[in-house]
Every structure is written in C-alpha cells, then in structure tokens.
Amino acid sequence: MDREEALALVKKHVKNKNLVKHMIAVEAVMRELARRLNEDERIWGLAGLLHDIDYDLTYDKPEKHSIVAMDILKDYNLPKEILDAILAHSGKKKIETKIERAIYAADPITGLIVASALIHPDKKLASIDTNFVLNRFKEKSFARGANREQIKSITELGLTLEEFVELSLNAMKSVSNDLGL
Numbered sequence: 000m001d002r003e004e005a006l007a008l009v010k011k012h013v014k015n016k017n018l019v020k021h022m023i024a025v026e027a028v029m030r031e032l033a034r035r036l037n038e039d040e041r042i043w044g045l046a047g048l049l050h051d052i053d054y055d056l057t058y059d060k061p062e063k064h065s066i067v068a069m070d071i072l073k074d075y076n077l078p079k080e081i082l083d084a085i086l087a088h089s090g091k092k093k094i095e096t097k098i099e100r101a102i103y104a105a106d107p108i109t110g111l112i113v114a115s116a117l118i119h120p121d122k123k124l125a126s127i128d129t130n131f132v133l134n135r136f137k138e139k140s141f142a143r144g145a146n147r148e149q150i151k152s153i154t155e156l157g158l159t160l161e162e163f164v165e166l167s168l169n170a171m172k173s174v175s176n177d178l179g180l
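Just so you know, we're using numbering that gives the first Met the number 0 here: the sequence shown kicks off at 0 and counts up by one.
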C-alpha cells in the first residue's frame, strides 16, 4: 500500500475532518522519527496515517479500538509491524519494538502541539516554538487528553523530551497546510 491508497482508505472510513488531520499529523511525526532513528520512513508513516482508521466505528467502544482496524486492514497485505504498531498505540498489544514505542508517544504529542497552536492569536504552528510547547506540557490542566507519561516514554528510544517536541513540531509544520494550522 502506498500513501495515496492509505489516505484514500482513511478518508473512506473516517468522516471527522479533525481526526483525519490528527492522523496526518501522527504520520508526519512518525516519518520524522523514522528518519531520526534510521528506520523505514514509509512503514512508520503508514502506521501513523492508519492508526485511528477505526475510530469512527469504535469511539463509544474503546475496548474495540484497533481491533476493528485489524478487520478493516486485513485484506491489504500490510507488514505485521504496521499492524502491531496500531494495536500497541491503543494498548491492545504490549510495546516491544521501536515503531510501537514511537507511535505510542507520537499519538498524544500531536494533540499537545495542536492545542498549543490553537491558543496562539493566529492559531498557526509557525507561531509557536519548542519552548512554548514545553511550557504547555508542564501545565497539567492544559490539553488534558495529551497523556504526558505516554509522551515522555519516547526517552526509551534515546530522545530527550525537548528533542521529541522539537522534532514533532517541525514535522507538523511541514504538513501545516494539510492540518489547517
């Protein structure tokens, strides 16, 4: 599956435009992490892009999130590492590999960065920097859905929190037009 096929599949199954934007943001962060860690950028990017493909079908059944994704994706002959990463991001599989750790941390960092941009007067990623996001990270009541422990788990891949925020912010800035930010 190439990126265009994956994006078409996402748009077929995910009707919420903000969720599609989230999936594109996670894809961008995963691609940048793959570059940084000398991993397969295509595989990591596809994992990020597809990770919430079943969310519209499971938002009220979190116990089925990622399980339904396996049904949606079963006929596409995707590498096992992509499927395992999708399962791991939602806690349906124990984290055992780099890609699984990466997506587990990448998922919530995108929400923190979007929330940080949205409190800026022009609501643009270009207007915020790493320190701005790190300061928001320290505010427990800000973007509560962005699990700080998940984000900090990136240190298990050898990145500092600061490096991860900077990498993620830059990755998201590279797709800011797609994100509307």
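C-beta atoms are modelled at their ideal positions from N, C-alpha and C, and glycine is treated no differently.
Identify the continuous alpha helix (DSSP H) that holds lysine 133 and give its terminal residues.
-> With the sequence shown as reference, residue 133 is identified as leucine, and lysine is not the correct amino acid for it. Taken as a continuous stretch (DSSP letters only), the alpha helix (DSSP H) holding leucine 133 covers 129 to 137.
Alanine 114 to leucine 133 span [Cα, whole Å] = If I take the Cα positions, the gap works out to 12 Å.
When burial is assigned at 16 or more other CB atoms within 10 Å of the CB, is aspartate 51 buried or exposed?
-> Aspartate 51 should be labelled buried.
Sequence-distant residues of the same chain with beta carbon closer than 6 Å to arginine 2, five excluded per side = Around arginine 2, the same chain offers no residue with a beta carbon nearer than 6 Å, after the five sequence neighbours per side are excluded.
Tell me whether the beta-carbon of threonine 129 lies closer than 8 Å to the beta-carbon of methionine 171.
-> For threonine 129 and methionine 171, no; Cβs fall outside 8 Å.
Which residue from Asp59, Val9, Asp83, His64 puts its Cα closest to that of isoleucine 42?
-> Looking at the Cα atoms, Asp83 is the closest of the given residues.
Within 10 angstroms of its Cβ, does leucine 111 collect 16 or more other Cβ (buried), or is it exposed?
-> A residue is called buried when at least 16 other Cβ atoms come within 10 angstroms of its Cβ; leucine 111 meets this threshold and is buried.
Give me the Cα-Cα distance between alanine 24 and leucine 178, rounded to the nearest whole angstrom.
-> Near 7 Å, if we compare the C-alpha coordinates of leucine 178 and alanine 24.
Going by other Cβ atoms of all chains shown within 10 Å of its Cβ, with 16 needed for buried, is proline 107 buried or exposed?
-> Looking at its Cβ environment, which holds 16 or more other Cβ atoms inside 10 Å, proline 107 is buried.
Where lysine 79 and glutamate 4 are concerned, what is the direct C-alpha to C-alpha distance, given to the nearest angstrom?
-> Across the structure, lysine 79 and glutamate 4 are spaced so that their CA atoms are roughly 18 Å apart.
Candidates Lys60, Val67, Ala105, Lys73, of which the one nearest glycine 47 by Cα | Comparing Cα-Cα distances from glycine 47 to each of Lys60, Val67, Ala105, Lys73, the minimum goes to Ala105.
Give, in chain order, every unbroken run of the alpha helix (DSSP H) that is at least 4 residues long and sits entirely within the stretch 74 to 126.
-> 79 to 88, 97 to 117, all fully within the stretch 74 to 126.
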